[in-house]
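**Q** Residue numbers (the working numbering): 9 to 717. Ideal placement from N, C-alpha and C gives every residue a C-beta, glycine not left out.
1. Please confirm whether residue 654 and residue 681 have their CB atoms less than 8 Å apart.
2. Can you name the residues that DSSP bridges to residue 366?
3. Are the Cβ atoms of residue 690 and residue 679 separated by less than 8 Å?
4. Work out the CA separation of residue 630 and residue 602 for me, nearest whole Å.
5. Across the segment 567-577 and the segment 599-619, are there enough close Cβ pairs to call them in contact, namely three or more that are closer than 8 Å?
6. Find the nearest neighbour of residue 88 within the set 294, 116 and 163, judged by alpha-carbon distance.
7. Leaving out five residues on either side along the sequence, give the residues of the same chain with a beta carbon under 7 Å from the beta carbon of residue 320.
8. Please state whether DSSP places residue 348 in a helix, a strand or coil.
9. Within a Cβ cutoff of 7 Å, which residues of the same chain sit near residue 274, ignoring the five residues on either side of it in sequence?
10. Output yes or no for whether 8 Å exceeds the beta carbon distance between residue 346 and residue 268.
11. Where does residue 604 fall in DSSP's three states?
12. Using alpha carbons as the reference points, say which of 585, 328 and 612 lies closest to residue 83.
13. Taking buried to mean at least 16 other C-beta atoms within 10 Å of its own C-beta, is residue 343 buried or exposed?
14. Compute the beta-carbon to beta-carbon distance between residue 377 and residue 354, rounded to the nearest angstrom, for a pair I have assumed lies under 8 Å.
15. Name the two residues that bound the continuous alpha helix (DSSP H) containing residue 609.
16. In the DSSP assignment, find the unbroken alpha helix (DSSP H) run with residue 568 in it and report its ends.
17. Identify which residue in 599, 618, 336 and 560 has its Cα closest to the Cα of residue 81.
18. Please list, in chain order, all residues of the same chain as residue 57 whose beta carbon is under 6 Å from its beta carbon, the five residues on each side excluded.
19. Exposed or buried, what is residue 264 when buried is set at 16 or more other beta-carbons lying within 10 Å of its beta-carbon?
20. Under a Cβ-count criterion, where at least 16 other Cβ atoms within 10 Å of its own Cβ denotes burial, should residue 131 be classed as buried or exposed?
21. Mind checking if residue 601 is an interface residue toward chain C, Cβ cutoff 8 Å exclusive?
22. Can residue 60 and residue 330 be called in contact, C-beta distance under 8 Å?
23. Output the distance between the C-alpha atoms of residue 256 and residue 420, rounded to the nearest integer angstrom.
24. What number of angstroms, rounded off, separates the C-alpha of residue 697 from the C-alpha of residue 579?
25. Quick check on DSSP: helix, strand or coil for residue 372?
26. Per the contact definition of three or more C-beta pairs closer than 8 Å, is the segment 362-369 in contact with the segment 397-414?
27. With a cut-off of 8 Å, do at least 3 Cβ pairs link the segment 660-677 to the segment 589-600?
28. If I'm right that residue 189 touches residue 111 with Cβ under 8 Å, what's the distance once you round it to whole angstroms?
29. Would residue 415 pass as a contact of residue 448 if the rule is Cβ separation under 8 Å?
30. Can you check whether the CB of residue 147 is closer than 8 Å to the CB of residue 163?
31. Measure from the alpha carbon of residue 113 to the alpha carbon of each residue in 174, 186 and 137, then state which is nearest.
32. Using only CA atoms, which one of 123, 173 and 115 lies nearest to residue 137?
33. Hey, would you say residue 178 sits closer than 8 Å to residue 100, going by beta carbons?
34. In angstroms with no decimal places, state the Cα-to-Cα distance between residue 65 and residue 77.
35. Report yes if the C-beta distance between residue 386 and residue 143 is below 8 Å; otherwise report no.
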């Protein structure tokens, strides 16, 4: 319930903030809650002057430089859009903090409540009170008949008292709510004023002559003196409250807008403050700001940033192209850090208003609670619960306002110029305040849980629905227990049966899974064998695949001549040499025709074939490596380009095969891990095509071809 409660608050808060999204320049006042901010430091500079600056090259030459300048200007526009949103959130936070301490808003809402109460009384109470009273009388008769005389009399007495006081209660309840709300808001504002010391020096401005005049007026005309002092007291109260609000507004704006702007726009706060103040004084005129960053107080001098957009002053490097990445990082980081205290302030401020809404919600539904009080099972517990929740919500508002005041006072004290933790930078202060935020939130949530359900005076706790113990409830509870016993026993028996059934079903599912796995493995092995793979026991092992078919090189020699050529090579003769051919012919005169063909091939066709294979361009797969002791192998040995491309092709085939195998194994492992394996076929291995080998081969051959050229 508490998680839903917190999520509802967060959703409402985010909805309000996103609904109030600002425009590119500045947010319209209609999108921001509360009255405009009029604190001194906030009004010192116009909010539109808080923009991120960039000084480009003055006269870019060529399209490339112009595009570069426009690119950085575009990036700066994006940074300014984000920064404008951040400033909007800061102003949104300040206004909602002011709203939290403004009793005019909540009093106006309660006035609306006062106007609605008569209509609720006329439409609901006047038409339904008779029905409620009839139920009370019927319950009293039933209790009397069952011998519970005292309880019956109490029900009738409660009904009579309820009918007597409800008209007065409905008539005066809005005024009581308004009074309690004013007191709670005043106390919260007073705590804030005291903590930020906004009441110091209020009476120091009164001169001696003024004090003497007031003393004479008190002696001569006491009534006029009292009237003037009352007016002065109201003025001082308003001034004190205004000074407290101004102190808070200036502290938030200075720390989360001004100081973060210095870091985001320039970098080092100590070095850049003087430049930033001058830029803010120039307003939002981009040209004037760039002229100041280029020339300073010497017009046309370019003493800080030259015409090429290069910084001569190291302090202003972030305004140039060289410092743009650092400036973008600073802007993003400071904006994100600033969101932490902003969110904390908005949440606590929103909660003070949220509890006012809870009080109004219970007040609006008061007529329903009063009608429920006629029912003996509810009784006066509903009236007490409704009254308590209405007024306790306003007291919870006070608690949240006090926590918010402490939070703001702590934030002011640790700011530069404060009295504590002056050695912390912006990031350190935000981290410290985050720790405090978590502590405040934990404490106030613990208090909230206790406050909305306090113990009764005689012990025990008030139930969240206002139901108290009574005879009707006790009897009904015992009846439910008596009826529930056999029901629970039957439910336990059914639960045991369902558990046994689930176990049997679980075992059957396991057997089905094992059987399906075995079938899938068998299908996988058959698939691999059909794809040309050797079946393995485990599909994860390496799969050896058949190589794709490639064309064979043919020398054009007759079969008998090739056999003679192989025989000569095996016995150490060189068939391409005439001396070896003659020596072979003396030993084998019956092979004269074969030796003659070998001679013609060696003297004429061998050189042509060598030249043809040397001109191999790699656009088609190279012929396969011939067998040894063949005429084709003789061409192979004398063609280095052929051997080189055949090696590349074999390497390409190996890589493609490995890639296909790895892809198949990945798909199979994914299939094994998937529940859907019980409902679909296992993945199939796809044999690499000759086109796939050729693509990889061309990719590998292209760089070497370029080197040879």
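**A** According to the data block:
1. no
2. Paired residues: none, contrary to the question.
3. yes
4. If you take the alpha carbons of residue 602 and residue 630, they lie about 29 Å apart.
5. yes
6. Considering only alpha carbons, the answer is 294.
7. 311, 312, 313 and 314
8. In the three-state scheme derived from DSSP, where H, G and I count as helix and E and B as strand, residue 348 is classed as helix.
9. 280, 283, 284 and 326
10. Yes, they are a contact pair.
11. helix
12. 328
13. buried
14. Incorrect: roughly 32 Å between the Cβ atoms, too far for contact.
15. Neither: residue 609 is in no alpha helix (DSSP H) and is coded neither H nor E.
16. 567-578
17. Looking only at 599, 618, 336 and 560, the smallest Cα-Cα distance to residue 81 is reached by 336.
18. 288, 291 and 292
19. buried
20. Classification for residue 131: exposed.
21. Of the protein chains in this structure there is only one, and it is not chain C.
22. no
23. 8 Å
24. 41 Å
25. Helix, per DSSP.
26. A contact is defined here as three or more CB-CB pairs under 8 Å, and the segment 397-414 meets this definition with respect to the segment 362-369.
27. In short, these stretches do not touch, since the Cβ pair count stays below three.
28. Yes, they are in contact, since the Cβ atoms of residue 189 and residue 111 sit about 7 Å apart, within 8 Å.
29. Their beta carbons are under 8 Å apart, which means residue 415 touches residue 448 by this criterion.
30. yes
31. 186
32. Looking only at 123, 173 and 115, the smallest Cα-Cα distance to residue 137 is reached by 173.
33. Their beta carbons are not under 8 Å apart, which means residue 178 does not touch residue 100 by this criterion.
34. 7 Å
35. no
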